[in-house]
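Structure first, commentary second.
Number of protein chains: 2
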Amino acid sequence: MALHKREQFTAAEQEIALIAKALGHPARVAILQLLARRQSCVCGELVTELPLSQSTVSQHLKELKAAGLVQGEVDGPRVCYCIDRAGWDRARLLMAGLLAELPPPAANGCC
Amino acid sequence: MALHKREQFTAAEQEIALIAKALGHPARVAILQLLARRQSCVCGELVTELPLSQSTVSQHLKELKAAGLVQGEVDGPRVCYCIDRAGWDRARLLMAGLLAELPPPAANGCC
DNA sequence: CTTTGCAATCGTTAATCGACGATAAACATA
DNA sequence: TATGTTTATCGTCGATTAACGATTGCAAAG
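Protein chains in written order, with our numbering: chain W, 265 to 375; chain B, 265 to 375.
Following this line, the structure appears as structure tokens:
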């Protein structure tokens, strides 16, 4: 009950926050960069690139998937992760939209 | 020790993550939008616009300030908050840089 | 059909977050 | 000086996160 009040904000605000939160950990940023640069793809390779255990990497991948930024395809015994292009574009759109909002300096008195 | 391993990532990854984390809550997104649109400025006004208590809003403002996205000027008994343009530009740069990284579809086999 | 190898999930722990009310601090005004 | 207004900080509590090792689940190889 009402200890977390996320519900009380607009859907747009929640969507931005969801994506930003997924980007809010250096391990996940590093994973996304590895995937975007196609340096690796398979979960096991990511584990060797990162200073984290297999289970922790798997957990981060799950969060990135939940945020729609990454998708994973099973390929035999291994899993190939890639950037989810739709989610990636959406993220770019939302982030650019938010950060573009600033009008030219000081039409107002106070700042 | 070493329960949180943020230290083990690059400075760039940590900087992006820090900013993204600040954007990772709908209340903070809402605050930034209010400030960017100059609809309000003073902390007390923000409180009335948001479904949160004064202390909670103050806490969120503190986090946004720590991420360099917002700055506050004392104006008598009240405090005027505004977007920190330098931090805002930096955020735009970093986010755009990260999200621009994706190369054209599938040069690789797996995805 | 068993073994092997990879990835996901479970269970646990410590740390951090999100929220609040209460209190304190800073300042203007009576 | 006392009072009211505004914001920051403190203390607390429950929820969530980050991390790990251990276990489970599954597909390919033998």
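The C-beta atom is built at its ideal place from N, Cα and C for all residues, glycine as well.
With a threshold of 9 Å between beta carbons, Ala281 (chain W) makes contact with chain B.
The DSSP-derived three-state label of Cys307 (chain B) is helix.
Sorting B:Lys285, B:Gly336 and B:Gly288 by C-alpha distance to the C-alpha of Ser304 (chain B) places B:Gly336 at the top. Judged by their CB atoms, Ala281 (chain W) and Leu287 (chain B) are nearer to each other than the 9 Å cut-off. Cβ neighbours of Ala275 (chain W) within its own chain (closer than 6 Å, five residues either side excluded): none. Put simply, the backbone Cα of Arg354 (chain B) is about 31 Å away from that of Thr312 (chain W). For the set W:Leu316, W:Pro315 and W:Trp352, the Cα lying nearest the Cα of Leu296 (chain W) is the one of W:Trp352. At a Cβ-Cβ threshold of 9 Å, Arg302 (chain B) and Pro367 (chain W) count as neighbours. Under the rule that a run must span 4 or more residues, the alpha helix (DSSP H) segments found entirely inside the segment 271-323 of chain B read 275-286, 290-300 and 307-313. According to the DSSP assignment, Asp353 (chain W) belongs to the alpha helix (DSSP H) that extends over Arg349 to Leu363. In terms of Cβ geometry, Val306 (chain B) and Val343 (chain B) form a close pair [threshold 9 Å]. For Gly336 (chain B), DSSP records a beta bridge to B:Tyr345.
An exposed status is given to Leu357 (chain B), since fewer than 16 other beta-carbon atoms sit within 10 Å of its beta-carbon. Your pair Val338 (chain B) and Asp348 (chain B) does not check out as a contact, with CB atoms roughly 15 Å apart and the cut at 8 Å. Neighbours of Arg270 (chain W) across chain B, judged by C-beta separation under 9 Å: His289, Pro290 and Ala291. Listed along chain W, the residues sitting closer than 7 Å to Ala294 (chain B) by beta-carbon distance are Phe273 and Glu277. At a cut-off of 9 Å between beta carbons, Ala350 (chain W) makes no contact with chain B.
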